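These notes are about the structure you will find just below.
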Amino acid sequence: MNKYKTKKKRCASCRRLKIKCDGALPCEYCNATNRQCNYDLFPSTTIAQTNSSSTETIVWTHQTSLNSPPRHMGITPFQYRLIMYFHEGLLPEKVKEQPVQEMWQTQVPRLFHESSVVQNSIYSLSTLCLLGRCDLSRWIDPENVNLDTGFFPEPIHDLNSFRRFLQTSVSHFYMKMLADTFSIVDKLISREKVLNTVHEAAEVVFSGAMLFSFLVLQTEKIVPLLNSDPNQPDLISMSFGMRESMVLCFPLLYQSQYSALFHNDFLANSDEKHEFPFITFLHNHLTQLHELESISSTKFSHYEETLKTLNKLFAAAAKQKSSSIFYKWIFFHDAEVYRYMRVEHDKFALKLLYAYSCLNIFCKFYFHRYCNLWIDYIEWYKTQSMATGGWEDWFDESLYELVYSEFLFADDNYAILYRFPDSCKTLQYAGRPL
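Under the numbering used here, the letters of the sequence shown match residues 1 to 434, in that order.
Structure below.
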C-alpha cells in the first residue's frame with residue numbers, strides 16, 4: 001500500500017518547507033507563524049521543474065544564468081537553494097509593496113552576479129531564516145528530514161545535524177557580509193571611495209539593508225540595540241553609518257532601474273495631521289519635563305522633531321496597512337537623540353527607545369519573540385525602572401504587559417494605531433491580535 005495516498009493536503013507554505021500540515025484554514029503552522037495560509041496549486045517540488053506560467057513562478061529563474069545548474073553559476077547546490085528560498089520564502093513575506101517587490105525580483109538577481117557582498121548578504125539572511133525554522137521542530141515531518149541531502153556539502157542525518165550545519169553556515173556568510181559591507185561603508189564615509197556607477201550605489205544600498213535586517217533578526221547577541229560603551233558598536237550607531245553611506249548612493253539611483261526605492265517617500269509625502277495616542281502621550285510627557293525644567297529647550301526641540309518623524313511613521317503604517325515601515329525610525333531619528341541615549345543616558349531618551357522596542361515586538365520584527373535585541377533592551381529598561389522605584393507610569397507598564405501577552409498588530413486592523421495604547425489600559429488580553 002502506498003503510504004502517501006492517505007496524506008492530507010498541505011497548504012503552500014507547509015509544502016514549500018516540507019513540514020506537516022493539519023489541513024485547516026489557517027493551518028497550525030501558518031497561524032503560529034502569522035503567515036497567510038492558502039491551498040493554491042503548488043508547482044513541482046524541484047526547483048528546476050518550475051513552470052514559468054505557474055502562479056508560484058520563481059522570478060530568479062527568468063535570468064538565463066540563474067536558470068542554469070549551480071555549477072555553471074560558480075556556486076554550490078546549497079547556495080543555489082538559498083537563493084530560491086530567499087525569493088520564495090522571504091520576499092513575499094517581508095516586501096509587500098508591489099513596485100519594490102518587482103525591483104527585488106528583477107534587478108537584484110542581476111546585481112547578485114556582479115557583487116560578492118550582495119551574494120553573501122542573501123546567503124546570510126536566508127540561512128538565518130532557515131535556522132529560525134529549525135526551532136519549529138514539532139512541525140517537522142520525520143520522513144522528510146533526509147530529503148534532498150545531496151544539496152548539502154556534508155552529511156545531514158537528522159534535525160540536529162541540520163541545525164549545526166546552518167549555525168556554521170550563518171557564521172561563515174555573516175563574517176564575509178560584515179567585513180565586505182563595512183569596508184565599503186568606511187571608505188565612502190572617509191571619502192576614500194567615490195561612487196561612479198549605478199551598480200556600485202545599488203550594491204551599497206542592498207547589502208546595507210540586508211545587513212540591518214540580519215542584525216535585527218539574529219538571536220546570538222552579535223550587537224545590542226544600545227551600548228553605553230563608546231568603544232563598542234551597537235545597532236543604532238551602525239545604522240547611522242549605513243544611512244550616511246546610503247545618502248551618497250541615492251543621487252545615482254533616483255532615475256535608474258532602482259527608482260522604486262523612492263516611490264513612496266513617507267517623510268516628504270505625509271499630509272497626515274492626526275496625532276496618535278502613542279505619540280501624544282510621549283509628547284505630553286516631554287512637555288511636562290520641559291515645563292519642570294528637567295530638560296533644556298535644545299533637548300526639547302530635538303525630541304520633538306524625532307517624535308514628529310515617528311508620528312509620520314504611524315500615519316504611513318495605518319494608511320498602508322503595514323507595520324514593516326516602523327523600522328525606518330532607527331535610520332531617520334535625530335543623531336543628537338542617540339547621543340542623549342548613549343552618552344548622557346537621558347531618561348526620556350531611554351524611555352523613547354523602550355517604547356520603540358515594544359513597537360517592534362508588536363510588529364513581529366523578530367524570529368524569536370523572547371530572544372532578540374528588542375527584548376534585551378526592554379528587559380534592561382525594566383531593570384533600571386525597578387531599581388528606581390518601579391514603572392514610571394501606566395504607559396511603560398502597559399507596554400511591558402502587552403509584550404508578554406503575545407500581543408501583535410493584526411494585519412487587517414491597523415486602525416488600532418489611532419487608539420493605541422489608550423485602548424489597552426483596561427485590556428484583558430487573551431493572546432490574540434487586537
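Here a beta-carbon is modelled for each residue, glycine too, at the ideal position from N, C-alpha and C.
Remember, it's a predicted structure, so these values are computed and weren't measured experimentally.
Rounded distance between the beta-carbons of residue j and residue i, thought under 8 Å
i    : j    : result
L437 : L111 : With the chain covering only 1 through 434, there is no way to say anything about residue 437.
A201 : E102 : The pair is not a contact, with the Cβ atoms about 19 Å apart (cut-off 8 Å).
Q107 : Y254 : Rounded, the Cβ-Cβ distance is 15 Å, inconsistent with contact.
F348 : L286 : 6 Å
L82  : S126 : 4 Å
Y354 : D396 : 7 Å
V185 : M242 : 6 Å
F276 : Y418 : 6 Å
Alpha carbon of residue i to alpha carbon of residue j, nearest angstrom
i    : j    : result
S357 : W374 : 5 Å
P84  : S13  : Position check: residue 84 holds Met in this sequence, whereas Pro was assumed. Roughly 14 Å between the two C-alpha positions.
K168 : P109 : It should be noted that the sequence gives Thr, not Lys, for residue 168. Cα-Cα distance, rounded: 25 Å.
S296 : H290 : 7 Å
G389 : T181 : 44 Å
F86  : E305 : 37 Å
I19  : E293 : 59 Å
T33  : D422 : 27 Å
L408 : C30  : 15 Å
V204 : S398 : 40 Å
H302 : K273 : 20 Å
W453 : H113 : Given that the chain is displayed from residue 1 to residue 434, the structure contains no residue 453 and the question cannot be resolved.
E88  : L17  : 10 Å
G74  : Y80  : 10 Å
F314 : Q288 : 23 Å
D435 : D346 : It is not possible to answer for residue 435, since the shown part of the chain is limited to 1 through 434.
E28  : R133 : 14 Å
Spatially closest choice to residue i from the options, by CA coordinates
i    : options                : result
F212 : E244, S124, P77, S239  : S239
A24  : E192, T33, C37         : C37
H172 : D186, L217, S121       : S121
R163 : T388, V198, D186, C129 : C129
S161 : L131, L17, T197        : L131
L188 : E203, S228, L215, S245 : S245
F78  : F165, F262, A32        : F165
T76  : Y123, G89, L90         : Y123
I236 : Y327, L91, F409, E97   : Y327
S228 : F182, V170, Y340       : Y340
Y377 : L350, D393, T298       : L350
Q98  : F262, E192, H274       : F262
P230 : V343, N31, E293        : V343
A410 : C11, R35, C27          : R35
Y404 : H368, A387, R191, Q288 : H368
E192 : H199, S183, V198       : S183
L215 : V100, D334, N372       : N372
S256 : H199, L91, N284        : H199
D234 : W329, F300, Y338, R133 : Y338
I330 : L225, S190, N284, E379 : L225
For residue i, the three-state DSSP class (helix, strand or coil)
i    : result
I222 : coil
I75  : coil
I19  : strand
K187 : helix
Y418 : helix
Q255 : coil
N160 : helix
G241 : helix
W104 : helix
E275 : coil
E203 : helix
Q63  : A caution first: Q63 carries a pLDDT of 40, below 50, which makes its placement in the model too unreliable to give a value.
T444 : Since the displayed the chain opens at 1 and closes at 434, residue 444 lies outside it and no answer follows.
W391 : coil
H333 : coil
E397 : helix
Y340 : helix
I378 : helix
N284 : helix
N120 : helix
I325 : helix
I83  : helix
F42  : Confidence at F42 is low in this model, with a pLDDT of 27, below 50, so its placement is unreliable and the value that follows should be read with caution. F42: coil per DSSP, three-state reduction.
A12  : helix
P230 : coil
Distance cut-off 7 Å: residue i Cβ against heavy atoms of the ligand HEM
i   : result
Y29 : Among the ligands in the structure shown, none appear at all, so the ligand HEM cannot be discussed.
Does the segment 112-128 come close enough to the segment 176-183 that 3 or more CB-CB pairs lie under 8 Å?
-> yes
Taking 8 Å as the threshold, find out whether the segment 242-256 comes into contact with the segment 205-223 through three or more Cβ pairs.
-> yes
Is the segment 299-319 touching the segment 397-417, taking contact as three or more C-beta pairs under 8 Å?
-> yes
Please determine if the segment 280-299 and the segment 378-387 are in contact, where contact requires at least 3 C-beta pairs separated by less than 8 Å.
-> no
Can you find at least 3 beta carbon pairs, one from the segment 346-364 and one from the segment 323-331, that sit closer than 8 Å?
-> yes
Are there three or more Cβ pairs, one per stretch, closer than 8 Å when the segment 292-310 is compared with the segment 214-229?
-> no
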